[in-house]
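Structure, as structure tokens:
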Ligand SMILES: NC(=O)c1ccc[n+]([C@@H]2O[C@H](COP(=O)([O-])OP(=O)(O)OC[C@H]3O[C@@H](n4cnc5c(N)ncnc54)[C@H](OP(=O)(O)O)[C@@H]3O)[C@@H](O)[C@H]2O)c1
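Numbering (this note's numbering), first residue to last: 274 to 524.
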């Protein structure tokens, strides 16, 4: 019987695949039969992901997406794709009155400019085949909720929502779908990078209490949503924010 959630025969590009959510998406998509093109900056961690993929014919491509020439090189080297997941992203914790130009430009460059320019170039160079699916890993922060100190980060995720809506409308004519996933807290390296390290006890006492489903997220929780959006099961779905957050925004 045909499985509409299968990714057999699809080739997918995943950014941020050297860590966390992007790594989880790459692994789970390979288990669903996809051929993966995975990218990140850190070679050793990207290779770890590569070694965890199921199946054969996967490729890994190093790229610092904050640099235009590396985006161009990446696009030149990717094979024809049926989908792309933009998971690369960075945090910046900073109170509103302390935001400066460098901090803002750094985070906008990686979280907003890079995925938008990569999408645009993939389309221009005809690397995304007909009926492709493009997925942005956004956040509940800046789209559904506000957290103190996250204004620069939230501004980039809000911008991605705006882009997703318009791109989805514009690209629907060629059958290309554009959606975002908006995760709640998934403990990954991003927490270390934002100096938001929770002890197990803190996670239990504070975070878990704020999640109606009584746990924080795992990369697989987000990966299963990505599989849906990349597969033919979602062929009538475009322009949405798919919130995957254990019910956090309800509380
Ligand atoms: N974890 C959460 O709680 C959470 C919640 C909501 C949304 N998100 C979003 O989910 C996405 C993935 O986050 P994560 O939790 O998986 O974080 P992570 O574990 O820190 O992974 C971030 C990934 O982004 C890549 N990256 C960062 N800067 C890059 C650059 N200049 N060029 C290329 N790649 C770059 C990193 O590559 P290298 O390691 O190779 O440098 C890494 O693979 C992000 O967009 C984040 O905003 C996360």
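Think of the CB as a built atom: it goes at the ideal place given N, C-alpha and C, for glycine as much as any other residue.
Task: Contact the stretch 472 to 483 vs the stretch 296 to 305: 3+ CB pairs below 8 Å - done: no
- [ ] Hey, could you find the ends of the beta strand (DSSP E) residue 346 is sitting in?
- [x] Note, residue 346: premise wrong, no beta strand (DSSP E); alpha helix (DSSP H) at 341 to 350.
Open item on the list: Rounded to whole angstroms, what is the Cα-Cα separation between residue 483 and residue 520?
Closed with: 9 Å
- [ ] For residue 504, name the three-state secondary structure that DSSP assigns.
- [x] coil
Task: DSSP three-state assignment for residue 302, whether helix, strand or coil - done: In this structure, residue 302 counts as helix in the three-state DSSP scheme.
Open item on the list: With a threshold of 7 Å (Cβ to nearest heavy atom), would residue 510 be considered close to ligand 1?
Closed with: No, the beta carbon of residue 510 sits no closer than 7 Å to any heavy atom of ligand 1.
- [ ] Check residue 409 in the structure and name its three-state DSSP category.
- [x] Three-state DSSP puts residue 409 in a strand.
TODO: Keeping to the same chain, check which residues put their C-beta closer than 7 Å to that of residue 353; ignore five residues upstream and five downstream.
DONE: 284, 400 and 402
- [ ] Verify whether the separation of the beta carbon atoms of residue 457 and residue 407 is less than 8 Å.
- [x] no
Task: When 524, 460 and 507 are compared against residue 486, the one with the closest alpha-carbon - done: In this structure, 524 is the residue among 524, 460 and 507 with its C-alpha nearest to the C-alpha of residue 486.
Task: CB contact flag (residue 338, residue 310, <8 Å) - done: no
TODO: Quick one: give me the first and last residue of the alpha helix (DSSP H) that residue 388 is part of.
DONE: 387 to 397
Open item on the list: Looking at the secondary structure, which residues open and close the beta strand (DSSP E) in which residue 274 lies?
Closed with: Per DSSP, residue 274 belongs to no beta strand (DSSP E) and is neither H nor E.
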